[in-house]
Amino acid sequence: MIETKNLTKNYGNLTAVDDLNLTIKDGDIFGFIGPNGAGKTTTMRILVTLLEPTGGSAFINGLNVTKDGKKVRRLVGYMPDFMGVYDDLKVFEYLEFFAAAFGIERKKRKSIVEGVLELTDLESKKSATVDSLSRGMQQRLGLARVLIHDPKVLILDEPASGLDPRARIEIRELLRELKRMGKTIMISSHILSELEEICDHVGIIEHGRLVFSGTMEEIRPRLGIESKVRVSVADHQDKAIELLSALPQVRQVQALGDEIAVTFHEGKDANGIVARTLVNAGLDIISIQPERLKLDDAFLQLTKGMVH
Amino acid sequence: MTTALASTFSDLFDPVRLFGPIFDKELRVSSRRRRNYFLRFAYILLLSIFILSIWYSTLGIRSSGSAVYQISRLSSAGRQIITTIVWFQFIAAQLIAIVMLSSSVSDEIHTGTLAVLMTTPISSFQIVTGKLMSKLLQLVLLLAISLPLLAIIRVFGGVPWDYVASSVCITLTATLLAGALSLLMSITYRHAYTVILVTVMVYMVFFGALPGLFNMLAVKGMFIFDRQVTQSLLALTNPFVAYAASSAMFIRSGVPSFFSWPLHCLLMLAVTAVLIALAVWRVRKAAPVSTFSSTAKLWSAGVLERTLTRIFYKAGSLYPDSSIIPVTGPPIIWKEMRKGFIGRSKGEAAMFVLLIGAFLIAAVLLLLSSGRNFFLSGYFISAFYLVALVRMAIFSAGGITIEKEARTWPVLLATPLEDKDIVRGKAIAAFRRNVPLLLMYFILFSITFFKMAGIKSIPTIAHNMLLSLASSVLFVIGSGLYFGTRFRTTTSAVAATIGLYLAITFLFCGAFNPLNRFFYTAVFRRGGQWLYFGVTIVRSLTIGATGLSLARCARRRLRRDIF
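Residue numbers (my numbering), protein chains in the order written: chain A, 32 to 339; chain B, 4 to 566.
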């Protein structure tokens, strides 16, 4: 579990992290979102013991990151926002070097390195020099390095930045696989829609303060946004509008060309209610689609000072 | 009309207009750096302490003799001080110029910003001269602020303006030449340390080995010119010989004897202009190539690497590829030693071949020469010593800053490796990678002393060389690691390491420092050889202990300024 209590970090007069309270449960993927300079990277650097906080405290699996630095480093795998590589090492050597740095016995290193190479699909590149790899490959190598000591917690600072769509999808699949392996993952990214698909929880940070933390479902009431469903019927659109307007859960029904926009007071089973009502009335449904609140929208609203 | 002429004239000689926006940018940036002001202050403070210590040891309360006698000694002290300071500036300015310019273009090539610069209306000339002049400006400022101190020393008497002017001019032109050569090399080689070492090697060959050979042949009557003409030509074309000629007579008689120094300076400026022209020509070619090409490896380096891998690591059975070297021992040492003694780039391989060649020639020449050829032996010993220590400074300071530059430093510090293991690993690797060079130095030193004193030289070799060398190695590695943790770039860290080492050895451990003066007086009065040993031991222990303290400071600072 990752926990911060009133975590603060000042750089002179600038407060990069301001009284941050955060809890990430074991086995969760936590998306850490915020505009540039919001304090995401600083928070992550404190958690991996590279920076000391000015105030407050941070814990990883109950260990204080300031006092138990070495133990914390053994528990955590950290991938920085810009990952440098030793350009004169080969992929296998690079990973074996970090295996040695994490104190893994020499006898076990080879099988462990081969294991993470397999997991990250880099087996064919093990004899290539690190600097000859493409950006996507280097990111994957970074993930392989992070996994070399089988850490319980992964802290990944924008692991998908600068990657092409295919590489992003591959990284996303890899993260899902890691979640299945029971890792706790804290991940920051600007590719917000991607986090939406893989994260259990999200935290939105602005000016060093956490403006929201919770599940996607919890964002809606926080923003005062209702659930919306867009439905399209084969004919008798007027009848459909009449039926839907009569439902007690529905707040508003609006015709938008061929479609009908239905706004609910709360988002629970909105699709099912619409579908059952129309089918029971003998109307043919062409399409029915929930209008989901995108993470980007929530991010924009939350970081514009609309919610405090 | 007059206004227009004045405007044209001022435009022509406006440095910002002449050297372009890069020079302008560097001026603005450097004026905002507190470090530069601190450096100037520290430099003046260091010189002042040095001058005061000489003053005190010459005219201090413990000095005997009448007031008239003491005043008569002032001119001698003045000559000694000024010679030491100017020699120090002469050597340090060139070395620091080489270090400062070593990554000037290669960094721009590597980051791709050179190609961007080339798409702007900035000319290649402005890029090259902007880089050269902006970096050297700081150095020139350091030399300039020492001028008032040198002027004060003139009050001591015995120091004519001619000597001050010639020394400053020779130093300035030599510094320009060194900077231009380093900049040219930085267009060719990727790594700053390769540039530094190749430039030092070029210096050793063109300003040391070849002139030494010509001089020796001329003395034996086997050269196209006679001895006098050869030496005059060397003084005109070689800044070291020029400065040595200027100083030698001055120290003896107080009269500067090298009257051709303006011609020498003009020649050096002409060579610098040629180097700048070459750099201007090459820089435009380097820009597009850099965007696409990877670092080429010299064929011989590849063969060497494969052979060494086969010899030292029988890895074929355990590892999937025989070129993969298994990690053995402490990981930091393994990683640093992975590059081998030689290094893996074509520049490093070329340099190693040059060094081996220079060593073999030096050994043969020393074995064939008479035991009293001090110039030859002194040159070779000093040259190998200098290269070994510069290389050590690069590996110790660069061991940390290269990780910072490559952004691998946070990743390394996020591992459970202890800070002391990281510092120790870097220190051991910096030493081990220089063992071959130190061995070469040891062999040349031993040959020289055996030829001079036979079996009696063994205590001198053991005591003087090993003790001094060990303390210097400790100091350079310790200060290198310390500056590695303080600075972000390799060039700054290496320049600080070399600068500090030269300052300490020249000003406070050189022939004119108070400790040595005390020792010489004692030896000459009492013939106390044991006192000589004692003083050397104290000095070596002090330098070594300072190095160790700096290494400890490096360990404490390791996790500061990570990003």
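Cβ coordinates follow ideal geometry from the N, Cα and C atoms, glycine included.
If you're wondering where the values come from, they're calculated on a predicted model, not measured in any experiment.
Contacts around residue i, its chain only, beta-carbon distance under 8 Å, and the 5 residues preceding and following it disregarded
| i | result |
| --- | --- |
| residue 562 of chain B | 416 and 422 |
| residue 214 of chain A | 58, 182, 183, 184 and 185 |
| residue 226 of chain B | 217, 220 and 233 |
| residue 266 of chain B | 239 |
| residue 32 of chain A | 54, 55, 56, 57, 90, 91, 92, 93 and 215 |
| residue 270 of chain A | 312 and 314 |
| residue 123 of chain A | 144, 148, 157 and 158 |
| residue 264 of chain B | 169, 172, 173, 245 and 249 |
CB contact flag (residue i, residue j, <8 Å)
| i | j | result |
| --- | --- | --- |
| residue 236 of chain B | residue 394 of chain B | no |
| residue 497 of chain B | residue 386 of chain B | no |
| residue 216 of chain A | residue 226 of chain A | no |
| residue 229 of chain A | residue 65 of chain A | no |
| residue 405 of chain B | residue 444 of chain B | no |
| residue 77 of chain A | residue 38 of chain A | yes |
| residue 190 of chain B | residue 142 of chain B | no |
| residue 51 of chain B | residue 152 of chain B | yes |
| residue 197 of chain B | residue 184 of chain B | no |
| residue 164 of chain A | residue 156 of chain A | yes |
| residue 554 of chain B | residue 426 of chain B | yes |
| residue 75 of chain A | residue 173 of chain A | no |
| residue 284 of chain A | residue 291 of chain A | yes |
| residue 411 of chain B | residue 116 of chain A | yes |
| residue 71 of chain A | residue 192 of chain A | no |
Alpha-carbon spacing of residue i relative to residue j, whole angstroms
| i | j | result |
| --- | --- | --- |
| residue 332 of chain B | residue 192 of chain B | 31 Å |
| residue 23 of chain B | residue 131 of chain B | 10 Å |
| residue 89 of chain A | residue 107 of chain A | 13 Å |
| residue 300 of chain A | residue 245 of chain A | 20 Å |
| residue 41 of chain B | residue 177 of chain B | 25 Å |
| residue 139 of chain A | residue 152 of chain A | 20 Å |
| residue 568 of chain B | residue 470 of chain B | Outside the shown range of chain B (4 to 566) lies residue 568 of chain B, about which nothing can therefore be said. |
| residue 35 of chain A | residue 86 of chain A | 11 Å |
| residue 493 of chain B | residue 450 of chain B | 35 Å |
| residue 491 of chain B | residue 408 of chain B | 7 Å |
| residue 315 of chain B | residue 127 of chain A | With a pLDDT of 44 at residue 315 of chain B, under the threshold of 50, the modelled position of that residue is not reliable, and the figure given next carries that caveat. So the alpha carbons of these two residues sit roughly 18 Å apart. |
| residue 49 of chain A | residue 414 of chain B | 25 Å |
| residue 366 of chain B | residue 382 of chain B | 12 Å |
| residue 474 of chain B | residue 135 of chain A | 36 Å |
| residue 304 of chain A | residue 81 of chain A | 52 Å |
| residue 1 of chain B | residue 560 of chain B | This structure cannot speak to residue 1 of chain B, because chain B is shown only from 4 to 566. |
| residue 568 of chain B | residue 389 of chain B | Examination of residue 568 of chain B is not possible in this model, given that chain B is present from 4 through 566 alone. |
| residue 403 of chain B | residue 428 of chain B | 11 Å |
| residue 272 of chain B | residue 154 of chain A | 56 Å |
| residue 401 of chain B | residue 477 of chain B | 16 Å |
| residue 103 of chain A | residue 133 of chain A | 12 Å |
| residue 167 of chain A | residue 179 of chain A | 19 Å |
| residue 515 of chain B | residue 55 of chain B | Unreliable positioning characterises residue 515 of chain B in this predicted model, as indicated by a pLDDT of 49, which lies under 50. The coordinate reading is nonetheless provided below. Spanning the two alpha carbons is a distance of roughly 12 Å. |
| residue 27 of chain B | residue 34 of chain B | 11 Å |
| residue 129 of chain A | residue 96 of chain B | 41 Å |
| residue 42 of chain A | residue 63 of chain A | 21 Å |
| residue 181 of chain B | residue 430 of chain B | 29 Å |
| residue 274 of chain A | residue 249 of chain A | 29 Å |
| residue 294 of chain B | residue 195 of chain B | The pLDDT assigned to residue 294 of chain B is 44, lower than 50, so where the model puts this residue is not dependable; a value taken from the coordinates is nonetheless given after this. Whole-angstrom Cα-Cα distance: 19 Å. |
Contact set for residue i: own chain, Cβ-Cβ below 7 Å, skip 5 residues either direction
| i | result |
| --- | --- |
| residue 162 of chain B | 81, 82, 85 and 156 |
| residue 73 of chain A | 40, 47, 48 and 82 |
| residue 186 of chain B | 104, 107, 108, 131, 134, 135 and 282 |
Same chain, Cβ closer than 6 Å to residue i, five either side skipped, listed in chain order
| i | result |
| --- | --- |
| residue 245 of chain B | 173, 238 and 267 |
| residue 3 of chain B | Residue 3 of chain B is absent from the structure shown; chain B starts at 4 and stops at 566. |
- Query: Going along the segment 118-133 of chain A in order, which residues come within less than 8 Å of chain B, judged by CB to CB distance?
  - Reply: 118, 119, 120, 121, 123, 124, 127, 128, 129, 130, 131, 132 and 133
Notebook entry, point to check: Just by C-beta distance, which residues in the segment 138-158 of chain A are closer than 8 Å to chain B?
Noted result: 140, 141, 157 and 158
* Can we say the segment 432-446 of chain B touches the segment 333-343 of chain B, given the rule of at least three CB pairs closer than 8 Å? -> yes
Take every Cβ of the segment 255-274 of chain A, pair it with every Cβ of the segment 91-106 of chain A, and state whether three or more of those distances are shorter than 8 Å.
-> no
Tell me which residues of the segment 395-413 of chain B have at least one Cβ-Cβ distance to chain A shorter than 7 Å, keeping chain order.
409, 410, 411 and 413
*Closer than 9 Å, Cβ to any Cβ of chain A: which residues of the segment 322-341 of chain B, in chain order?*
322, 323, 324, 326, 327, 328, 329, 330, 331, 332, 333, 334, 335, 337, 338 and 341
Positions along the segment 417-443 of chain B whose CB lies within less than 7 Å of some CB in chain A: 417, 418, 419 and 420
Residues within the segment 110-139 of chain B neighbouring chain A, beta-carbon criterion of under 7 Å:
none
- Task: May I ask you to list, following chain order, the residues of the segment 98-113 of chain A that have a beta carbon less than 7 Å from some beta carbon of chain B?
- Result: 101, 104, 105, 109, 111 and 113
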